[in-house]
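Read through the structure below, which is laid out as structure tokens, and then see the notes.
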Amino acid sequence: MKEENIKSKFINATKWSTITEIAAKLVSPIINMILARIISPEAFGVVATVTMIMSFADMFTDAGFQKYLVQHEFNDEDEKFKNANVAFWTNFVISIFLWAIIIVFREQIAVMVGNPGLGNVIAIACVQLLLTSFSSIQMALYRRDFDFKTLFSVRMVSVCIPFIVTIPLTFLVEGYWALIIGSIIIQLSNAVILTMKSKWKIGLFYKIDLLKEMLSFSIWSLIESISIWLSCWIDILVIGNIFNQYYLGIYKTASSMVGIVMSLIFASVVPVFFSALSRLQHDNENFNKMYFNTQRNMSILIFPLGVGIYLYSDLATSIMLGSKWNEASAIIGVCALTNAIKIILGDLCSEVYRAKGKPKISFLAQILHLVVLIPVCIISSKYGFWLFVYARSWIRMEFVLVHFIIMKFIIKFPIERVFKNVMPTAVSTFAMGILICLLKQINNNLLWSFTSIIICSLFYFGVLYLFPSMRKEMNGILEKFKVKFTKEKYVEAND
């Protein structure tokens with residue numbers, strides 16, 4: 087009964103999370119398409135380093151409490167809200183302390199990340215640390231309760247702000263200032279709306295014993311977050327110090343665009359996925375079932391998306407960024423392909439460790455990846471920017487291997503079922519990739535490119551339908567839509 091209840095909440099929450107991400111990801115590329123044609127790659131490079139610094143400091147303000155509030159089983163609402171108060175006040179004090187450090191050492195930090203002279207920009211941008219300390223705890227509580235409908239309304243306000251603030255500001259101030267001011271206003275709106283709508287209100291309650299209990303989990307979650315931050319930002323650190331702001335802007339913008347497209351599926355599912363797994367952490371059978379169902383369903387879209395962007399990278403770059411970003415094409419292609427593999431085969435494993443309350447294992451996975459990633463990034467950068475780009479992209483496969491080993495021997499997870507689980511989508515995607523290569527030989531004009539994309543998409547789902555397991559699943563989805571459509575028509579007829 088509990089599993090059915092969680093499954094129902096998971097489906098409903100995923101619906102709202104997906105709607106949120108689809109709406110946001112449909113708007114975000116449009117915003118980036120406009121900004122990329124107004125603002126120079128160098129300005130995006132400046133914002134990339136500012137974001138890197140802020141994300142590092144933000145880990146300490148959160149201190150891993152978000153994951154604790156989602157994962158931990160509380161006895162009642164009162165206990166949950168008391169823990170939320172302790173988490174908030176701890177976050178808030180740490181954020182003030184870290185912002186003060188950034189202000190004092192702003193010039194030294196600017197030099198360290200390859201942006202000398204931009205210390206004031208970094209200090210002002212990091213005011214967002216105070217704002218995220220208000221919203222991060224609220225978001226954790228909403229995710230715990232599967233209330234992604236509320237998060238949808240908050241996100242919709244956020245995606246509208248660039249049209250109202252950021253884009254108009256690009257004509258009045260320096261490009262990076264427009265991006266930074268827009269980001270600050272987004273964080274402010276998130277903090278205000280989430281606080282106003284939340285059942286939990288900030289109180290003056292604080293208890294050291296609760297902090298100690300949270301830290302027993304959160305300290306490892308924080309350490310894990312630091313290792314994740316390093317694996318995500320080591321490339322930006324290297325480019326910022328070895329190359330120039332132009333290449334930093336090209337690389338970060340290209341990889342971010344890929345992230346936006348990929349997270350259309352990934353980011354909409356993972357928060358709900360983690361919440362659902364956390365509730366099933368003591369039920370191995372249903373836990374594994376939830377994992378494999380989610381992985382298979384995500385692979386239906388992620389695999390062909392990665393291969394499609396890789397093979398149509400020139401077209402994707404032209405549409406998303408414009409003609410002055412042609413050099414970003416190769417980055418977009420290889421990032422899309424390697425990220426698609428990593429998301430399906432690797433990233434979901436991290437949610438398993440956290441949901442089972444074992445952040446130490448997730449940290450171990452990050453360390454085993456970093457000991458290879460850091461030397462690869464440093465060494466490859468000495469041989470030029472493009473070798474660095476390809477080395478950084480394909481080293482993601484080592485991370486997938488690390489996850490497989492940990493899942494098999496430490497978690498005791500039936501990892502061999504992973505390959506069988508995604509085999510239909512992998513084979514269908516491979517067949518689609520061959521067809522794309524053949525169709526591209528016919529013509530390269532814009533009309534034919536879009537026509538061939540439609541042909542290949544239909545071909546992909548046609549091949550996928552040949553697999554009995556996928557046919558059953560696809561028929562089930564179609565049947566649900568048919569039933570829903572029939573009910574709606576019945577209601578309309580009776581009205």
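Just so we're aligned, residue 87 is where the sequence shown starts under my numbering, counting upward by one. All residues carry an ideal CB built from backbone N, CA and C; glycine is no exception. Computed from a prediction, not measured in an experiment: that's the story for all the values here.
Leaving aside the five residues that flank Arg230 on each side, the residues in its chain whose CB is nearer than 7 Å to its CB run, in chain order, Leu155, Val156 and Ser361. Taking the Cβ atoms as the reference, Thr339 lies roughly 33 Å from Lys283, outside the contact range of under 8 Å. Separation of the CB atoms of Ile520 and Ser538 is rounded to 13 Å, and the pair is thereby denied contact status at 8 Å. Residue environment analysis places Gly394 among the buried positions, since at least 16 neighbouring C-beta atoms fall within 10 angstroms of its C-beta.
DSSP, read as helix, strand or coil, puts Lys428 in helix. The alpha-carbon of Thr511 is positioned some 9 Å away from that of Ile388. One Cα belongs to Leu215, the other to Val462, and the distance between them is close to 32 Å.
Leu552 is positioned such that its CB atom lies no closer than 8 Å to that of Ile541. For Met509 against Tyr546, the beta-carbon gap comes to about 15 Å, at or over 8 Å, which does not count as contact.
About 6 Å separates the beta carbon of Ile351 from that of Met384, a gap short enough to meet the 8 Å contact definition. A contact is defined here as three or more CB-CB pairs under 8 Å, and the segment 440-449 fails this definition with respect to the segment 411-428. Only residues of its own chain outside the window of five on either side were considered, and among them Phe329 and Tyr333 have a CB closer than 7 Å to the CB of Phe471, listed in chain order. Ser467: member of the alpha helix (DSSP H) spanning Pro445 to Ser467, first to last residue.
Of the candidates Ser219, Gly205, Thr135 and Glu310, the residue whose Cα lies closest to the Cα of Leu456 is Glu310.
Exposure of Lys498 is indicated by the presence of fewer than 16 other C-beta atoms within 10 angstroms of its C-beta.
With the rule of 3 Cβ pairs closer than 8 Å, the segment 205-213 counts as touching the segment 132-140.
For Leu274, same chain residues with a beta-carbon under 6 Å away, outside a window of 5 residues either side, are Leu217 in chain order. Under the DSSP assignment, Tyr396 falls in the alpha helix (DSSP H) whose first and last residues are Asn370 to Leu397.
The criterion of a C-beta distance shorter than 8 Å is not satisfied by Val132 and Gln452. A direct Cα-to-Cα measurement between Cys246 and Ile253 gives close to 11 Å. Going by beta carbons, Leu280 and Ser221 fall inside the 8 Å limit. Here Lys428 is buried: its Cβ has 16 or more other Cβ atoms, across all protein chains shown, within 10 Å.
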